[in-house]
Amino acid sequence: MQIKGKVALVTGANRGLGRALVQALLAAGAAKVYAGARDPASVDVPGAQALKLDVTDKATVLAAAAQAGDVDIVINNAGISAHGSALGDDAEDLIARHLDVNLYGVLRVSEAFAPILGRNGGGALVNVLSVLSFLTIEQLTAYCVSKSAAWALTNGTRQQLKGQGTVVTGVHVGYMDSDMTAGIDAPKTSLADAAASILGAIEAGQEELLIDDLSRQVKASLSTDTPAYL
Ligand SMILES: NC(=O)c1ccc[n+]([C@@H]2O[C@H](COP(=O)([O-])OP(=O)(O)OC[C@H]3O[C@@H](n4cnc5c(N)ncnc54)[C@H](OP(=O)(O)O)[C@@H]3O)[C@@H](O)[C@H]2O)c1
98 MQIKGKVALV TGANRGLGRA LVQALLAAGA AKVYAGARDP ASVDVPGAQA
148 LKLDVTDKAT VLAAAAQAGD VDIVINNAGI SAHGSALGDD AEDLIARHLD
198 VNLYGVLRVS EAFAPILGRN GGGALVNVLS VLSFLTIEQL TAYCVSKSAA
248 WALTNGTRQQ LKGQGTVVTG VHVGYMDSDM TAGIDAPKTS LADAAASILG
298 AIEAGQEELL IDDLSRQVKA SLSTDTPAYL
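Right under this line is the structure:
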């Protein structure tokens, strides 16, 4: 799908990858870009249309869908990541909080916007996942649970929406240079490069995008005797 002339919506668009995606979509000639944010006043990209959208609040998701009935591209980007042990302490609460944003948030937005994408000719639904869909780091178990589950949801959504012509793309990436990885000393993909890769995948109608070497290596290891998660 050509991005030029299309209408797009990005969740979590006030900072990080979401903000870079809004900038890249506008630079690529999108006719309109809705920048979904919990606080629309925090959207600072010139030319973007700020839209209140808290993915944990179904009322705001439905209100956003009522306002953005012209979208061709929806990018589920909003996400949270917090540390905590795999079991015990506040593990149950931590997993619930991650699922609310990273899994049910994706579900709420996808359910609200899938009929709109269908009416507008099919379009594209992009879910920003992670290398941690394939691999668990103990102190990030809740995040990994949510991203593995969101990967499964992405794959089911793809099957369901194929009939209406919507291309559903799962995006996996290791470290990107955003607030989420502040303080982590590791090679990081720039937000502009990650956004450019995602736009390339949309234009190519690609169903899966592995942005960096880390996500490619970890996925490749799954079919070996030494998968990265062991
Ligand atoms: N950074 C990485 O290395 C990395 C790696 C793999 C995957 N990812 C994924 O990439 C996506 C973007 O992450 P990022 O690195 O850009 O993180 P970030 O800089 O922390 O930004 C997260 C964004 O999500 C928004 N958000 C959080 N909860 C929300 C909610 N309930 N409703 C709507 N928006 C909400 C935040 O809005 P507020 O400003 O209101 O909090 C913010 O705009 C996430 O899905 C993340 O899991 C990141």
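Just so we're aligned: the sequence shown equals residues 98 to 327 in our numbering.
Using N, Cα and C, we set each Cβ at its ideal position, and we do this for glycine too.
For Asn224, the three-state DSSP class (helix, strand or coil): DSSP places Asn224 within a strand segment (E or B) once states are collapsed to three.
Val223: CB within 7 Å of a non-hydrogen atom of ligand 1: Outside the cutoff, so no.
Ile295: CB within 7 Å of a non-hydrogen atom of ligand 1: Not under cutoff, so the answer is no.
Coarse secondary structure for Tyr131, derived from DSSP in three states: Residue state, collapsed to three classes: strand.
Cα-Cα separation, Arg116 to Val158: Going by the C-alpha atoms only, they are around 19 Å apart.
Leu258: CB within 7 Å of a non-hydrogen atom of ligand 1: For Leu258, the shortest separation between its Cβ and any heavy atom of ligand 1 does not lie below 7 Å.
Residue range of the unbroken beta strand (DSSP E) whose run includes Gln146: Start and end: Gln146 to Lys149.
For Leu319, three-class secondary structure by DSSP: It is coil, neither helix nor strand.
Chain-order list of residues whose beta-carbon lies under 6 Å from that of Pro134 (same chain, five-residue window excluded): For clarity, residue 134 is Ala in the given sequence; the question names Pro instead. Once the five neighbours on either side are set aside, the close Cβ partners of Ala134 are Ala110, Asn111 and Val140.
Bounding residues of the beta strand (DSSP E) (the contiguous stretch that carries Asn173): For Asn173, the enclosing beta strand (DSSP E) starts and ends at Ile170 to Asn173.
Contact check, Gly202 vs Thr153, beta carbons under 8 Å: Yes, Cβ-Cβ distance for Gly202 and Thr153 is below 8 Å.
Through-space distance from Ser320 to Lys328, alpha-carbon basis: No answer is possible for residue 328: the residues shown for the chain start at 98 and end at 327.
Ligand 1 heavy atom lying under 7 Å from the CB of Val152: Yes; taking the cut-off as 7 Å, the Cβ of Val152 has a heavy atom of ligand 1 nearer than that.
With 16 other Cβ atoms within 10 Å as the buried cut-off, status of Thr108: That one is buried.
Val234 classed as buried or exposed, judged by whether at least 16 other C-beta atoms fall within 10 angstroms: One detail in the question is off: residue 234 reads as Ile in this sequence, not Val. Exposed, since its Cβ has fewer than 16 Cβ neighbours within 10 Å.
Residue range of the unbroken alpha helix (DSSP H) whose run includes Thr238: Counting along the chain, Thr238 sits inside the alpha helix (DSSP H) bounded by residues Thr238 to Leu258.
Terminal residues of the alpha helix (DSSP H) in which Ala81 lies: For the chain, the structure presents residues 98 to 327; residue 81 sits outside this window and is missing.
Nearest candidate by alpha-carbon position, reference Asp167, set Ala221, Ala289 and Ala121: For the residues Ala221, Ala289 and Ala121, the minimum Cα distance to Asp167 belongs to Ala221.
Closest Cα partner of Val119 within the set Lys155, Leu307 and Asn174: Ranking Lys155, Leu307 and Asn174 by Cα distance to Val119 puts Asn174 first.
Exposed unless 16 or more other CB atoms sit within 10 angstroms - verdict on Ile402: For residue 402 there is no data in the structure shown, the boundaries of the chain being 98 and 327.
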